[in-house]
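Undergrad: Just dropping this structure here.
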Amino acid sequence: MKKTTRKLLSLAMASAMAASLLTGCGGGGANETTAAAGTEKTEVGKTETEAGSTEAEAAAEGTADADYSQDVITYGMTQAWDTINPYGSSSGSIYQNLVCDKLYDRLAFIEEAGTDVTPRGAKSWESADDGKAAVFHLDENAKWHDGEPVTASDWVFTAQLITNPKFDYGLRSEFNTWAGTDDTGTEESEKSVQVEAVDDYTLKINFKSVIPVEDWLILHNKYFYVLPEHLLKDMAPEEIKTSDFWKAPVGSGPCTFISELSGSEMQLGSFADYHMGAPKFGKLVLKVIAATNTITSIAAGEMDGFFQAPTVDDALAAKDMGLNVEQSAEPTTVAVFLINNQNVPDKKVRQAMSYAIDKQMLIDQSLQGQGVPATTCIIPGSQYEFGTKWERNVDKAKELLAEAGWDSGKTLKMVVTSARESMAAVIQQNLAEAGINIEVQTVELATMFSGLQDGTYDLGICGSTAMDYPLWMAGYYDNKNATYCQITDTKYAEIQDAIAAELDEAKRKELINDYQELLYDEMPLVMLYNGYSFSVKSDRFQGYNGFEGGVNNQKVWEWSVAK
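Numbering (the working numbering), first residue to last: -14 to 548.
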């Protein structure tokens, strides 16, 4: 397992990341989604962008090497992207990021499960000013799709734009760690954000407090796409979002824009001058496809790959069909049993629930055994795991309930989406064995979220994606915001702050152990299991890692088609 040299996290950053992860934690994760395929037509059935794309398509295809200029990769997205403006969406969805990741560059590449941070727009970096700044040495070979060089000035221009209150950007708070911004990530005065060009190829970002570079990159790099100053500098900030620039944008990523069918399809070309190496294909076609059609589309030769982890059942079925199926190196999918800590205030009752739930049965039922029982938010096998193992003990659960004076006549309300009904039935039976009665309600995702937040429901089940650093889940324990567990105790935030501020690795690991012991003792929620993800692709699709997308980026420059 690869590790970065330092993975300290600030609470604010981890909270923001966890909040982002929570937005996808409804039921079966991506398995619940279906495609939305509305298209906006113009004359003769063409979209506005498609109608004028002939020249763009020819130019884009012309950038690819003759040996593979005719090769086409078709890649499925089970949800549509919001927009091809990287700062035009307030959702921050992974689908949005994965599309923009191909057109625009970011400073670094985040490896599968966050196990490492490697060069991309920047070829190296280091902390400065005793940890309150990060210095990035940019790749001098990076170019815009129109051939102009990408310089530190472009990154500064972008930073000043996205923190400008006149620029409409819903995720501005992702940059509130930058010096010169307020808590919302907005500049405190005109161009006050302290992101500066030391020289043409050296970028310096100043922070409000100590933040290790890798921590910032892991959590916020996915939102920081560089924009071309030479093409946008003469526009007023309030006009940029609605500019015609986005109809055929010029980026510096591995792919060039060809055309778009709104909500349905996008065609991209290979950028021959991409500094990480030109993708070895002529065209990449991104198609919105229903989740139920992904495996069959690959089997029929209509699709080369898709972004959405298939269910274990689908993955095993695909393997039986002879398709190319891979399993993730890390068990990064997680299932969490959420407990409203205001409605269930006694930790002994929450501990009893943990002892009563049969996690292995849930793994066998939901994942066909392809998972590991979880104890805390640390991924099993991580360097930070402190050794506590799960065990089911119904007698211990009954003992704890007796100590807590639990009223066996009380019924708790549990809410799930339809994809989690079978899991809820197992948990309902498990808890009943210990003497806890629950009533299960099936609702839509939005209703589940709001009901957990306002206290209508006592319990719920959430799915998410974990990363290999200790505070990825900090937002679940946030006492400052209305989380699904309704936590008001400050002790979680206090130890998270201590971990984030500790630079000595040995002391930091001690704090992480203390953190896990606190979570295991207080049991504010129950970690059910960590599961492995699966990827299915065609045999012709080469250089593809089906799990990199889970951290919002993909090495498209390594993609090719087998001859």
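Where a beta carbon is used, it is the ideal one built from N, C-alpha and C, also for glycine. These figures come from a predicted structure and were not determined experimentally.
I'd like the ranges of any alpha helix (DSSP H) spanning at least 4 consecutive residues and lying wholly in the region 73 to 150.
TA: DSSP runs (the alpha helix (DSSP H)) wholly in the region 73 to 150: 79 to 88, 137 to 147.
Undergrad: Rounded to whole angstroms, what's the CA-CA distance from residue 361 to residue 245? Just pull it up for me.
TA: Answer to the nearest angstrom: the Cα atoms are 43 Å apart.
Undergrad: Rounded to whole angstroms, what's the CA-CA distance from residue 447 to residue 324? Just pull it up for me.
TA: In a straight line, the C-alpha of residue 447 is about 11 Å away from that of residue 324.
Undergrad: Counting Cβ pairs closer than 8 Å, one from the region 126 to 137 and one from the region 158 to 178, do we hit at least three?
TA: Because the criterion of three Cβ pairs below 8 Å is not met, the region 126 to 137 and the region 158 to 178 do not touch.
Undergrad: So, under 8 Å CB-CB, residue 101 and residue 212 are touching, yes? Tell me the CB distance rounded to an integer number of Å.
TA: With a Cβ gap of about 27 Å, residue 101 and residue 212 do not count as contacting.
Undergrad: Quick one: any contact between the region 424 to 436 and the region 298 to 310, if contact means 3 or more CB pairs under 8 Å?
TA: Because the criterion of three Cβ pairs below 8 Å is not met, the region 424 to 436 and the region 298 to 310 do not touch.
Undergrad: Going by the beta-carbon positions, is the gap between residue 508 and residue 377 smaller than 9 Å?
TA: Cβ atoms of residue 508 and residue 377: not closer than 9 Å.
Undergrad: By the three-class DSSP mapping on this structure, what secondary structure does residue 53 have?
TA: Residue 53 falls in the coil class under three-state DSSP.
Undergrad: With a CB to CB cut of under 8 Å and the five nearest residues on each side skipped, what residues in its chain are close to residue 344?
TA: Taken in chain order, the residues that qualify are 358, 359, 375, 377, 513, 514.
Undergrad: On the three-state DSSP scale, how would you describe residue 548?
TA: DSSP places residue 548 in coil when its eight states are reduced to three.
Undergrad: Going by beta carbon distance, what residues of the same chain come within less than 6 Å of residue 422, once the five residues before and after it are set aside?
TA: These residues qualify, in order along the chain: 396.
Undergrad: How many Å lie between residue 275 and residue 248 at the Cα?
TA: Approximately 13 Å between the Cα atoms of the pair.
Undergrad: Compare the Cα-Cα distances from residue 230 to each of 477, 238, 220 and report the closest residue.
TA: Answer by Cα proximity: 220.
Undergrad: From the DSSP output, in three-state form, read off residue 543 for me.
TA: Residue state, collapsed to three classes: helix.
Undergrad: Find out if the Cβ-Cβ distance for the pair residue 550, residue 190 is shorter than 9 Å.
TA: Outside the displayed range of the chain (-14 to 548) lies residue 550, so it cannot be described from this structure.
Undergrad: With respect to the beta strand (DSSP E) encompassing residue 322, which residues constitute its N-terminal and C-terminal limits?
TA: Looking at the DSSP string, the run of the beta strand (DSSP E) that includes residue 322 is 318 to 324.
Undergrad: Can you check DSSP and say which residues form a bridge with residue 68?
TA: According to DSSP, which records beta bridges pairwise, residue 68 is partnered with nothing at all.
Undergrad: Tell me, to the nearest whole angstrom, how far the beta carbon of residue 265 is from that of residue 544; I am working on the premise that it is less than 8 Å.
TA: Going by Cβ atoms, the distance from residue 265 to residue 544 rounds to 7 Å, so yes, they are a contact pair.
Undergrad: Under DSSP, the alpha helix (DSSP H) around residue 538 begins and ends at which residues?
TA: First-last for residue 538: undefined, no H or E at that position.
Undergrad: Are residue 57 and residue 270 touching if we call contact CB-CB under 9 Å?
TA: Closer than 9 Å, so yes.
Undergrad: Mind reading off the beta-carbon distance from residue 235 to residue 216? Whole number of angstroms is fine, and I expect it under 8 Å.
TA: About 6 Å; that satisfies the 8 Å criterion.
Undergrad: Please state the DSSP three-state secondary structure of residue 184.
TA: The answer is strand: DSSP assigns residue 184 an E or B state.
Undergrad: If the criterion is Cβ atoms closer than 9 Å, does the pair residue 90 and residue 282 meet it?
TA: Cβ distance not < 9 Å, so residue 90 and residue 282 don't count as in contact.
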